[in-house]
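Notes follow the structure.
Number of protein chains: 2
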Amino acid sequence: MLSLLDLRRRIDAGDLTPAAALDLCRAAIAAREPEIRALVHLDAHAAPGQSAAGAPLGGIAVGVKDIIDVAGLPTRMGSPLYDGDVPRADAPVVTALRRAGAVPLAKTTTTPFAFLDPTETRNPAAPGCTPGGSSSGSAAAVAAGMLPLALGTQTGGSVIRPAAFCGVAAIKPSARLLPTVGVKCFSWTLDTVGLFAATVPDVAYALAAIAGRPELCLPPGDPRETGAGLRLGVLRQGFAGEAEPEAQAALDEAARAAERAGARIVPLADPPLLAEAWRLHATIQNFEAAQALGWEYDTHRDALPPLLQALLDEAAIVEPGAYDDARRVVHRARGAAGALFEEVDAILAYAAPGPAPRGLGSTGSSSFNRLWTLTGDPCVAVPGILAPDGRPVGVQTIARFGRDEEALRAADFVAAAVAAAR
Amino acid sequence: MLSLLDLRRRIDAGDLTPAAALDLCRAAIAAREPEIRALVHLDAHAAPGQSAAGAPLGGIAVGVKDIIDVAGLPTRMGSPLYDGDVPRADAPVVTALRRAGAVPLAKTTTTPFAFLDPTETRNPAAPGCTPGGSSSGSAAAVAAGMLPLALGTQTGGSVIRPAAFCGVAAIKPSARLLPTVGVKCFSWTLDTVGLFAATVPDVAYALAAIAGRPELCLPPGDPRETGAGLRLGVLRQGFAGEAEPEAQAALDEAARAAERAGARIVPLADPPLLAEAWRLHATIQNFEAAQALGWEYDTHRDALPPLLQALLDEAAIVEPGAYDDARRVVHRARGAAGALFEEVDAILAYAAPGPAPRGLGSTGSSSFNRLWTLTGDPCVAVPGILAPDGRPVGVQTIARFGRDEEALRAADFVAAAVAAAR
């Protein structure tokens, strides 16, 4: 993979120009894209700005999920309905990338309208398996070493799940830390813009630069030293179903390694209010999707892919009263989630039910991600754990709303501890 | 003015076809628009659907503020930057209008990007005065009797203020009751879609139909009977500055008339936390606007009108920490606003500092509106009070978040009480 911080170090040292860093990506894309199919558009004219060398993300090529507007590039939403649509303006998150010196080099594949109908994208880390979705191309492009950074979005589990399946780092930040303006809406309460990169420090550095919040950068040094004394809660989310043996083994491995590295492991019981909120994710998502995708449904229902069509058929019957009730429960559940962080600095949890499912027929399940998209708490996918057959198995760290740096620090700690123990 | 409920009664009685109702609007537009200049686009092909007669808003022509997408019609955001932009899809609120049978007949003028630089639109109710902004055309088109319903948006005071200046009814519903998807963003926390119509019952009926919430319709009968026992708090918002004598007289008149009609008037002191939140409106708005309009600012700053340009120059320096602090205060202020509604059913307050200012150089001040856009509480502009010189002077009712029906009932009660007492 291409590490963003590694590229930046080489640029800072004068060993690499921003333009040469982009060329590295173009060469990798030429080599891998025919097999991986992670991109829907490559910008042949993209080039770093004059002052790129000194900018925090100068020379960094970014993949942008194809439901996010980039001025002058087509945005297809993964659907022929939007063939030929070229937005005039950048989404604000793309503006923020450009302000930090980054270059949107490619649009990456998305499942149609970021729901469950799969793309043709391959998983570079688990051949023959889905890369996950809906941010399929962003996860796969980073995993294949084609890009050092990519934008995705999560409404259920569309950032953390593909990161786990492809073995890359990712963050779903606190709700609205990155604006969703200029991003095709599925659910305005749930949609969250996130980032993919090779390592947790890469993700932290990129988020700090985009959000203009330098405190999100991880401190230099061995995370096992800077993170000593970390209190890490382990939450199994039994309400979300049983994880597969590989995921259980990965969570155990991560907790054991973290404990050996000096963390205090605190087993947490599933709060009943969080279980109740988890079950209401669909009520909120579907009520809003029936409105957000109303034009597509009312005027082009037959052109929608089967899973989305079925979802919107079902979504049309959610009553406002059920939605209001669900929102009240979620409001209280946010408080209950916050209370968990009185006892621990961060939570360690399954990132997905198991490694990437075989075949391309399904993007997998978001069951272990939904709760945190509802609460808006930041989640970080921790790379580096492999199942016995070599497929990546992700775990995630979760922190209190607004404390993205805690989730990043915990993820960095766990990743370092796992690497040291392997 | 064209009353929506009156049109619907005539359609229900078979005295008017939906197509003839649209023709009434076209005729009024032909007569008044050359003087008023409330519209930027008229859809020559718009026509009611087959089943319009039986649909709740069948035959109702709607004006759509020109920052809201209507499929196939140009959306200019009040700025030449967006010349030629034709959105593919309807904004979800437009889909909701169509599902209820309404017909988007025209796009209405907006100040550029819904900020303060004025349009050329005239105030039909106060000749020589501003119609207010930013939803200038929507308020003016309803006031001129050209349309029975119009959509606007409010980030500071852009729905309630122009309604007050033009003497029409309007609602800024609870935050996110109507989706802001497909609406050009200024501030994702504050932007709120609202409705203009001739009377409060018209507004209530339209909101009920669009939101699929029949409980928002006002009960039939004299509101002074159905609303007996109403507890109405009077809040002067001293932190927002002093109102002009005409506005003070209007608030006194409304309170007196309501009391005479049987309401209990409760003078409320300004809670200090609400004053603090009010002062932070700009911090939240500006921090988000610097991102939301980042593409426009970075690539076309010189093409932006002067007030917006100056705002964005200033907005660029708001620090994330100041924004985070402001959000925490606002979170607590929402609780403080909620506590006011333990004592009263609704609040009666100034809708604007006075009647519409003379000339077209300024759209007036949003100082008495900002707080409620921040808290997300529903506000209803009450028409029917005139200053001694004949200019409309608005008051507004405000209810607890999510209790839009309370704000509507109180507004209906006050409007009826004022009419009976005049």
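Residue numbers (the numbering used here), protein chains in the order written: chain A, 69 to 490; chain B, 69 to 490.
C-beta: ideal position from N, C-alpha, C; glycine also.
Query	Result
Suppose contacts are defined by Cβ-Cβ distances below 7 Å. Is LEU284 (chain A) in contact with GLU474 (chain A) by that definition?	no
Between CYS253 (chain B) and chain A, is any beta-carbon pair separated by less than 7 Å?	yes
Out of B:ALA383, B:VAL448, B:ILE278 and B:PRO460, state which residue places its alpha-carbon closest to the alpha-carbon of LEU361 (chain B).	B:ALA383
Candidates A:ALA243, A:THR85 and A:LEU149: which alpha carbon is nearest SER119 (chain A)'s?	A:THR85
Would you please verify whether the beta carbon of VAL494 (chain A) is less than 7 Å from any beta carbon of chain B?	Look at the range of chain A in this structure, 69 to 490, and you will see that residue 494 (chain A) is not part of it.
Only counting runs of 4 or more residues, tell me where the alpha helix (DSSP H) segments fall wholly within the stretch 174-224 of chain A, in order along the chain.	204-211
Taking ALA360 (chain B) as part of the alpha helix (DSSP H), name the residues at either end of that continuous run.	349-360
In chain order, what residues of the same chain have a beta carbon less than 6 Å from the beta carbon of GLN16 (chain B), not counting five sequence neighbours either side?	Given that chain B is displayed from residue 69 to residue 490, the structure contains no residue 16 (chain B) and the question cannot be resolved.
Short of 8 Å Cβ to Cβ, which residues in the stretch 270-300 of chain B face chain A?	ALA279, GLY280 and ARG281
Tell me whether the beta-carbon of LEU110 (chain A) lies closer than 7 Å to the beta-carbon of ALA174 (chain A).	yes
Around the Cβ of ILE538 (chain A), are there at least 16 other Cβ atoms within 10 angstroms (buried) or fewer (exposed)?	With chain A covering 69 to 490 only, the question about residue 538 (chain A) has no answer from this structure.
So is ARG156 (chain A) in contact with chain B if we call contact Cβ pairs under 7 Å?	yes
Taking C-beta pairs closer than 8 Å, name the residues in chain A that GLU364 (chain B) reaches, listed in chain order.	ALA157
Do you know whose CA, among B:SER71, B:ALA114 and B:TYR418, lies nearest ASP91 (chain B)'s CA?	B:ALA114
Run through the stretch 410-482 of chain B for me and flag every whole beta strand (DSSP E) of 3 or more residues, listed as ranges in chain order.	414-418, 447-450 and 463-466
Would you report the Cα separation of PHE436 (chain B) and ALA311 (chain B), rounded to the nearest angstrom?	9 Å
Buried or exposed for VAL154 (chain A), going by 16 or more other Cβ atoms inside 10 Å?	exposed
Could you check the C-alpha separation between PRO247 (chain A) and ARG400 (chain A) for me, to the nearest Å?	24 Å
Mind checking who ARG299 (chain B) pairs with in its DSSP beta bridge?	B:ARG332
So which residues of chain A does ALA360 (chain B) contact, with C-beta pairs closer than 8 Å?	PRO160, PRO247 and VAL249
Against chain B, which members of the stretch 127-147 of chain A pass a CB distance test of less than 8 Å?	ALA139
Since TYR150 (chain A) meets chain B, which of its residues come closer than 7 Å, beta carbon to beta carbon?	ARG156
Of all Cβ atoms in chain A, is any one closer than 7 Å to the Cβ of THR163 (chain B)?	yes
Whose CA, out of B:PRO374, B:LEU348, B:ALA414 and B:ALA87, lies closest to the CA of TYR391 (chain B)?	B:LEU348
Is PRO388 (chain B) close to chain A? Criterion is C-beta to C-beta, closer than 7 Å.	yes
Have a look at ALA212 (chain B) and MET69 (chain B) and give me their C-alpha separation to the nearest angstrom.	6 Å
For ASP153 (chain B), go through chain A and note every residue whose CB falls closer than 7 Å to its CB, in chain order.	ARG156
Which residues of chain B have a Cβ atom closer than 7 Å to the Cβ of LEU468 (chain A), listed in chain order?	Per the sequence presented here, residue 468 (chain A) reads as Arg, with Leu not at that position. Per Cβ cutoff of 7 Å: no residues; ARG468 (chain A) is ~13 Å from chain B at best.
Taking Cβ positions, are ALA343 (chain B) and PHE307 (chain B) nearer each other than 7 Å?	yes
Contact check, GLY201 (chain B) vs PRO230 (chain B) under 8 Å by CB: the rounded distance?	6 Å
For VAL486 (chain B), which residues of its own chain have a beta-carbon under 7 Å away from its beta-carbon, when the five flanking residues on both sides are left out?	GLU321, ALA322, ALA325, GLY452 and ILE453
Strictly below 9 Å CB to CB, what residues from chain A border ARG244 (chain B)?	TRP256 and THR257
Report back the beta-carbon spacing between GLY220 (chain B) and VAL227 (chain B) to the nearest angstrom; my notes put them in contact at under 8 Å.	5 Å
Measuring only the C-alpha atoms, how far is VAL461 (chain B) from ALA193 (chain B)?	11 Å
Roughly how far, in whole angstroms, is the beta-carbon of GLU356 (chain B) from the beta-carbon of LEU149 (chain B), given that I think they are within contact range, below 8 Å?	In fact, because the Cβ distance is near 19 Å, the residues do not count as touching under 8 Å.
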